[in-house]
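Just below is one structure, and these are the notes that go with it.
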Amino acid sequence: MSAAGHILRGGNKVEKVVTGNYAVSWGTRLSRVQVIAAYPITPQTSIIELLANFCAGGELDARFIKVESEHSAMAACIGASAAGARAFTATSGQGLLLMHELLHWAAGARLPIVMGTVNRAVGPAWSVWTEQNDTLSQRDTGWLQYYCEANQEVLDTVIQAYKVAERVLLPVMVILDAFVLSHTSEAVDIPDQDKVDSFLPPYRPELKLDINAPRAFGAMMTPEHYMEMRYKMQKAMEEAVSVVQQVDEEFGEVFGRRYGLVEPYRLEGAEVAVVTSGTITSTSREVIDELREQGVKVGLLKVRLFRPFPATAVRQALAGVPKVAVIDRNISFGHGGIFAQEVKSALYNPSTTLRRGSGQGSGHRVDGAHRPPIFGFIAGLGGRDVTPEPIKEVINTTLANDAPLEEILWIGVKK
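Just so you know, we're using my numbering here: the sequence shown kicks off at 237 and counts up by one.
What follows is the structure, given as structure tokens:
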């Protein structure tokens, strides 16, 4: 198989058998990125290797900047994006942590950079396998975050991410699991370049670095103005929920594939809803099909967009489900699973919760709020496989108990 993938043809359709990393590269190429800056780190390195080959072979007209660290890679992307170029980088694990300072800068400067981010467990101990703590530790930097399940979704999401980023003027991470996706090959439809060009026109920012029209960027801001800047960032992040939905629908009209903010699966009549992200979703879907055939009433909710968190979509999807089990491939030390925290916030804190002084008790709900017990499970840290058996354990534990026996329920841990 060539570096770019083995080509399959069926009618007018062109598919390539590619890894998840190569799917990121193809999405970047199809988006006609103009500047690429990155530093190698396992397991993302092959993303940049293929992009370097595209540039060297004249298949992608982009400036490829070789840098000495991930911090410098993000700095180069910030400069390129501020000058009006469509910019891209990629990283994993410790490399993402090294970028931390400049992640804040990219978001605060309202620069629509897209970054392919391959989840890698954070050291020590050293690990190159998948875990979400690297990206979730950056959830408050002002970047949008998509968590992808399959290679086709990875490629499509990169293209969507640029359109979203350039509408809301915030940077985006397109996130995939190390090795389970990054180095695993699947058949992927490669969209027609002309269709992508129509869907994603060239980036034309209103304000940019221009030697013919000098402006100051990133200057000191006094307390009289700083808070308003942050307010506008928050409003842009809130707006991003609807923009992500709109762009996904537009993409579906052109290319025939949609992913949504969340994806409900067999939730009709479910007694338990399993909430997942990333590749754990695929295994969970198989388990749910098997259990449904046995008469077990269980369904699935895949969370694709994590930041901004699509709280309304989650509430709608889980409405009426008696119990919710969230599988987290991460942990916020001292608290628990991070997706579980967000699901609890979405279900327990809707915009209007209690009518005070109603005479019907402090727990009277005026919004029809649904607050089921939420079971938070931790699984798959450091790349440990999450096979069907642990997922069945999650479901059986949730079915057997009215409420969680512990705040954090560990699956497969050797205590």
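Note that CB positions come from ideal geometry on N, CA and C, so glycine has one too.
Worksheet item: Is residue 573 near the ligand SAM, going by C-beta to nearest heavy atom under 6 Å?
Response: This structure does not include the ligand SAM; it has no bound ligands of any sort.
Worksheet entry | Where residue 413 sits in the DSSP three-state scheme | Counting from one through the sequence shown, the residue named residue 413 turns up at place 177. Reduced to three states, the DSSP call for residue 413 is strand.
Fill in: Buried/exposed call for residue 459, threshold 16 Cβ in 10 Å
Stepping through the sequence shown from its first residue, residue 459 is reached at position 223. Looking at its Cβ environment, which holds fewer than 16 other Cβ atoms inside 10 Å, residue 459 is exposed.
Discussion item. Using CA atoms only, rank isn't needed, just tell me which of 330, 503, 429 and 630 is closest to residue 538.
Written reply: Taking the sequence shown and counting its residues from 1, the one referred to as residue 538 is at position 302. Among 330, 503, 429 and 630, the Cα nearest to that of residue 538 belongs to 503.
Worksheet entry | Residues near residue 547 by beta carbon distance below 6 Å, same chain, minus five either side | Position 311 of the sequence shown, counting from 1, holds the residue named residue 547. Within the same chain, residue 547 has close Cβ partners 582.
Worksheet item: Apart from the five residues on each side of it in sequence, which residues of its chain come closer than 7 Å, Cβ to Cβ, to residue 642?
Response: By one-based count along the sequence shown, residue 642 stands at place 406. None.
Worksheet entry | At least three beta-carbon pairs within less than 8 Å, the region 361-374 to the region 494-510 | no
Worksheet item: Smallest Cα separation from residue 345: which of 257, 579, 648 and 453?
Response: Walking along the sequence shown from the start, residue 345 turns up at place 109. The shortest Cα separation from residue 345 among 257, 579, 648 and 453 belongs to 453.
Discussion item. Using a 10 Å radius around the Cβ and a threshold of 16 neighbouring Cβ atoms, would you call residue 379 buried or exposed?
Written reply: Taking the first residue of the sequence shown as position 1, residue 379 is located at position 143. It counts as buried.
Worksheet entry | Contacts around residue 369, its chain only, beta-carbon distance under 6 Å, and the 5 residues preceding and following it disregarded | Along the sequence shown, read from residue 1 onward, the residue named residue 369 stands at position 133. Only 358 and 566 meet the Cβ criterion.
Worksheet item: Closest to residue 197 by CA distance: which of 415, 522, 574 and 572 is it?
Response: Residue 197 lies beyond the stretch modelled for the chain, which goes from 237 to 651, so this question has no answer here.
Practice prompt. Answer yes if the region 300-316 comes into contact with the region 261-275, meaning at least three C-beta pairs across the two stretches below 8 Å, and no otherwise.
Written response: yes
Fill in: Completely contained alpha helix (DSSP H) runs for the region 484-546, where each covers 4 or more residues
Within the region 484-546, the complete alpha helix (DSSP H) runs of at least 4 residues are 516-529.
Worksheet item: If residue 314 sits next to residue 347, beta carbons under 8 Å apart, how far is it from one beta carbon to the other, in whole angstroms?
Response: Walking along the sequence shown from the start, residue 314 turns up at place 78. Walking along the sequence shown from the start, residue 347 turns up at place 111. Correct: roughly 6 Å between the Cβ atoms.
Fill in: Inter-residue Cα distance where the pair is residue 456 and residue 340
By 1-based counting over the sequence shown, the position of residue 456 is 220. By 1-based counting over the sequence shown, the position of residue 340 is 104. In a straight line, the C-alpha of residue 456 is about 15 Å away from that of residue 340.
Worksheet item: What is the DSSP secondary structure of residue 358, reduced to helix, strand or coil?
Response: Residue 358 sits at position 122 when you count from the first residue of the sequence shown. Coil at residue 358, not helix or strand.
Discussion item. In this structure, how does DSSP classify residue 645 when only helix, strand and coil are distinguished?
Written reply: In the sequence shown, the residue the question calls residue 645 occupies position 409. Looking at residue 645 - three-state DSSP - the assignment turns out to be strand.
Worksheet item: With distances taken between CB atoms, is the gap from residue 387 to residue 259 smaller than 7 Å?
Response: Here the question's residue 387 lines up with position 151 in the sequence shown. Here the question's residue 259 lines up with position 23 in the sequence shown. Yes, the Cβ-Cβ distance between residue 387 and residue 259 is below 7 Å.
Fill in: Candidates 534, 490, 482 and 529: closest to residue 500 by CA position
For the purposes of this step, residue 500 is identified with residue 264 of the sequence shown, where counting begins at 1. For the residues 534, 490, 482 and 529, the minimum Cα distance to residue 500 belongs to 534.
Worksheet item: Can you tell me where the alpha helix (DSSP H) with residue 581 in it begins and where it stops?
Response: As a working mapping, residue 581 is identified with position 345 in the sequence shown. Looking at the DSSP string, the run of the alpha helix (DSSP H) that includes residue 581 is 574-584.
Item to complete: Would you kindly work out how many angstroms separate the C-alpha atoms of residue 233 and residue 400, rounded to a whole number?
Response: No statement about residue 233 is possible, as the shown extent of the chain runs from 237 to 651 and does not include it.
Discussion item. For residue 380, list the residues DSSP reports as bridge partners.
Written reply: Within the sequence shown, the letter at position 144 stands for residue 380. Paired residue(s): 408.
Worksheet item: So, are the CB atoms of residue 444 and residue 319 less than 7 Å apart?
Response: Against the sequence shown, residue 444 aligns to sequence position 208. Against the sequence shown, residue 319 aligns to sequence position 83. Going by C-beta atoms, residue 444 is nearer than 7 Å to residue 319.
Worksheet item: Is residue 434 helix, strand or coil by DSSP?
Response: Position 198 of the sequence shown, counted from the start, is the residue given in the question as residue 434. Three-state result, residue 434: helix.
Discussion item. Which residues does DSSP list as the beta-bridge partners of residue 351?
Written reply: The sequence position of residue 351 within the sequence shown is 115, counting from 1. Residue 351 is bridged to 325 and 409.
Discussion item. Would you call the region 505-520 in contact with the region 616-635, where contact means no fewer than 3 C-beta pairs closer than 8 Å?
Written reply: At 8 Å Cβ cutoff, the stretches touch.
Practice prompt. Pick helix, strand or coil for residue 602, following the three-state DSSP scheme.
Written response: Position 366 of the sequence shown holds residue 602. With a pLDDT of 36 at residue 602, under the threshold of 50, the predicted position of this residue should be treated as unreliable, and no value is reported.
Worksheet item: Under 7 Å between the Cβ atoms of residue 477 and residue 408?
Response: Stepping through the sequence shown from its first residue, residue 477 is reached at position 241. Stepping through the sequence shown from its first residue, residue 408 is reached at position 172. No, they are not a contact pair.
Discussion item. Spatial neighbours of residue 482 within its chain, please: C-beta separation below 6 Å, excluding the five flanking residues on both sides.
Written reply: What you label residue 482 is simply residue 246 of the sequence shown in a count that begins at 1. So the list is empty, once near-sequence residues are dropped.
Item to complete: May I have the straight-line CA-CA distance separating residue 486 from residue 398, to the nearest angstrom?
Response: Within the sequence shown, the letter at position 250 stands for residue 486. Within the sequence shown, the letter at position 162 stands for residue 398. Cα to Cα, the separation comes out at about 13 Å.
Worksheet entry | Own chain residues within Cβ distance below 7 Å of residue 441, not counting five before or after | In the sequence shown, counting from the first residue as 1, residue 441 sits at position 205. The residues are 320.
Worksheet entry | residue 263 vs residue 391 beta-carbon contact at 7 Å | For this step, residue 263 is matched to residue 27 along the sequence shown. For this step, residue 391 is matched to residue 155 along the sequence shown. Cβ distance < 7 Å, so residue 263 and residue 391 count as in contact.
Practice prompt. Return the first residue and the last residue of the beta strand (DSSP E) that residue 278 is part of.
Written response: The residue you call residue 278 lines up with position 42 of the sequence shown. Residue 278 -> no beta strand (DSSP E), and no H or E assigned at all.
Worksheet item: Taking just the CA atoms, how far does residue 464 sit from residue 425?
Response: Residue mapping note: residue 425 aligns to position 189 of the sequence shown, counting from 1. Residue mapping note: residue 464 aligns to position 228 of the sequence shown, counting from 1. Going by the C-alpha atoms only, they are around 43 Å apart.
Worksheet entry | Distance, residue 579 Cα to residue 570 Cα | What you label residue 570 is simply residue 334 of the sequence shown in a count that begins at 1. What you label residue 579 is simply residue 343 of the sequence shown in a count that begins at 1. In this model, residue 570 and residue 579 are separated by some 18 Å (Cα to Cα).
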